[in-house]
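Before any comments, here is the structure.
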Amino acid sequence: MIAVGYTMIYGVILLINFAHGEIYMLGAFFAVTFISLLGLPFYVAFFLSMACCAICGVLLDIVAYRPLRQSPRLAALITAIGMSIFLQNLAMVIWGSRPKPFPNEALPAYFEKTAVSFSGVNLSWFHLFIFGVTIVMMVGLNLIIKKTRWGKAMRAVAQNQTMAALTGINVNRVISYTFALAGALGGAAGIMVAAFYNSLYPTMGYVAGVKAFAAAVLGGIGSVPGAMLGGVVLGVAEAFGAGYLSSLYRDGISYAVMIIVIIFIPAGLFGKVLKETKKSM
Amino acid sequence: MLLKLDNVKTYYGNIRALKGISIEVEEGEIVCLIGGNGAGKSTTLMTISGVLTPVEGNVLYQGQSIVAVRPDNIVQMGICQVPEGRMIFPLLTVMENLDLGAYLRKDKNGIKEDFERIFRLFPVLRERRKQHGGTLSGGEQQMLAIARALMARPRLLLLDEPSLGLAPILVDSIFETIRQINEQGTTILLVEQNAQLALQFSHRGYVIETGEIALADSSTELLKNEQVKKAYLGE
Ligand SMILES: Nc1ncnc2c1ncn2[C@@H]1O[C@H](COP(=O)(O)OP(=O)(O)O)[C@@H](O)[C@H]1O
Ligand SMILES: [Mg+2]
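Going down the list, the protein sequences come from chains A and B. For any residue, its number in the numbering used here is found by taking its place in the first sequence, counting from 1, and adding 23. For any residue, its number in the numbering used here is found by taking its place in the second sequence, counting from 1, and adding 144.
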């Protein structure tokens, strides 16, 4: 899901938003803060935190990237890395650098209960929740991009900003919406992962961000279905790698996949289609 | 006066692309701007559309300054541009390209009517409506680019080199269509390197040379002008 956020922003403004992993981290911390400090129920905290992440995404764009829109790509890239480090440190100052447990008692009680079980594998309601939310978001995202007026505007901005402006699209606003959507998705992912592993820490976004970036590269950066597929493939590869080699190699596998993809299929799995269409213009 | 450029100077960094351009366009006219490669024609149109901001001078539309107004707001005010190289969205379908032309409009019925009007004007677009813009031929892309601009129901249409890269037969039919669009009430500012054609199809013309207006007259006079004949008509 973070991979999708990356690829969406790259797809629209050709910027690798390295700070996206930090939004995911913030999502987890926001949710925990809402739960433990304000005593909000899990679902409310979940949506509120997504909303905050959407706002963070937009602010990130306005503060860090918009002033650099006309500058060389490298400047924005360096800013992205800088923002990533800044947000990590900000989180350390606010919430401390130690890993925190997720307030499990706030999760609905039935999350623990087994929902389905077949041939010895038990899936809890929490598994189903994660699975369901992910599916709904992915399908929803696809519908937004494919069918809505705003989705069309997003794709237009991605293909040609000048022309998009000449058809009457407010380019900066569309980019803001894209950051908001990517932020909300990233935030949701952060909360679910933190709750699932019962742990959250300021650098969690960094590792996840690298993996998501690998997934996006694998899928062909800029392609949303590619990022979804890349995420699945990478997850399976990691599970196998951890199973057959050693769980120590788990994180290394993402890097290895990324390097192999960049060397052998730089366009990624789905990027190729894009390239060919461009050639035929 | 629908559009008036008053001593407009536009720079790219320290490259002085426009060194003080003054142009006027009356409601209902076809005005052409002719000049060689690099003279500043596209820069003039991009300045009018608000993509570029002049460092000096003024652009007045219906008497109101539109300098530093955002491009999407300028479209909203009724000025649409078909840029050089057509700039079709290659990965959007023909239909989606046209939908984006009507991006700022809310009148569903009017949009429907305009689709019909556009498919009458360019029947080939109806056949191709589900295809990606990038798969169209050059001529079809030019038609799509013009059609997309018309979907906004512009009052003033800016056309940047519509003849570029098209076969001669196609060029004639595109220009016939441009005349038709004008007769249906749209004012047109036409930029061309093909001076002969542009002067035949317009009421008045300006000749632009290295960022300055060198000549301004009615198109019939410019066609007879010795200087124009030598420099632009190859006679
Ligand atoms: N993006 C740009 N950056 C720098 N210089 C440019 C740019 N675009 C155009 N120019 C320069 O501005 C001048 C006018 O260009 P342009 O308006 O495109 O001419 P025309 O459309 O008449 O061929 C040329 O000298 C060109 O080299
Ligand atoms: Mg030009």
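We treat Cβ as the ideally placed atom computed from N, Cα and C, and that holds for glycine. Just so you know, these numbers come straight off a predicted model, no measurement behind them.
Any chain B beta carbon closer than 9 Å to residue i
i: A/Asn193; result: yes
i: A/Ala187; result: yes
i: A/Asn165; result: no
i: A/Gln111; result: no
i: A/Lys234; result: no
Cα-Cα separation, residue i to residue j
i: B/Met231; j: B/Leu301; result: 16 Å
i: B/Met145; j: A/Phe53; result: 57 Å
i: B/Gly355; j: A/Arg92; result: 27 Å
i: B/Val195; j: B/Ala296; result: 18 Å
i: B/Tyr376; j: B/Ser362; result: 16 Å
i: A/Asn112; j: A/Thr190; result: 41 Å
i: B/Glu271; j: B/Asn369; result: 44 Å
i: A/Asn8; j: B/Phe233; result: Past the boundaries of the shown model lies residue 8 of chain A; chain A is included only from 24 to 304, so the question cannot be answered.
i: B/Lys185; j: B/Leu303; result: 10 Å
i: A/Tyr133; j: A/Trp148; result: 7 Å
i: A/Ala188; j: B/Pro215; result: 6 Å
i: A/Trp173; j: B/Leu265; result: 28 Å
i: B/Thr188; j: B/Asn253; result: 34 Å
i: A/Phe219; j: A/Met106; result: 27 Å
i: A/Ile283; j: A/Val240; result: 10 Å
i: A/Ser72; j: B/Val238; result: 39 Å
i: A/Val144; j: A/Gly50; result: 30 Å
i: B/Leu334; j: B/Lys163; result: 20 Å
For residue i: DSSP bridge partner residues
i: B/Ala360; result: B/Tyr350
i: B/Gln225; result: B/Leu302
i: B/Arg160; result: B/Tyr155
i: B/Tyr205; result: B/Leu147, B/Gln208
i: A/Asn145; result: A/Ser140
DSSP-derived helix/strand/coil call for residue i
i: A/Lys123; result: strand
i: A/Asn183; result: coil
i: B/Arg104; result: Coverage of chain B is limited to positions 145 through 379, which leaves residue 104 of chain B absent and any answer about it impossible.
i: B/Leu236; result: coil
i: A/Glu45; result: helix
i: B/Phe266; result: coil
i: B/Glu370; result: helix
i: A/Ser222; result: coil
i: A/Thr137; result: strand
i: B/Glu168; result: strand
i: B/Leu177; result: strand
i: A/Val197; result: helix
Proximity test, Cβ basis, 9 Å: residue i and chain A
i: B/Phe233; result: yes
i: B/Glu271; result: no
i: B/Gly245; result: yes
i: B/Asp216; result: yes
i: B/Gln225; result: yes
i: B/Val219; result: yes
i: B/Gly355; result: no
i: B/Gly194; result: yes
i: B/Val284; result: For the sequence presented, residue 284 of chain B should be read as Glu rather than Val. No, because no Cβ of chain A sits closer than 9 Å to the Cβ of B/Glu284.
Limits of the unbroken beta strand (DSSP E) element including residue i
i: B/Val335; result: 331-336
Beta carbon proximity, residue i to chain E, threshold 9 Å
i: A/Gln93; result: In the structure shown, chain E does not exist; the protein chains are A and B.
First and last residue of the uninterrupted alpha helix (DSSP H) at residue i
i: A/Val162; result: 148-170
i: B/Lys250; result: From DSSP, B/Lys250 is part of no alpha helix (DSSP H); its letter is neither H nor E.
i: B/Asp216; result: 215-220
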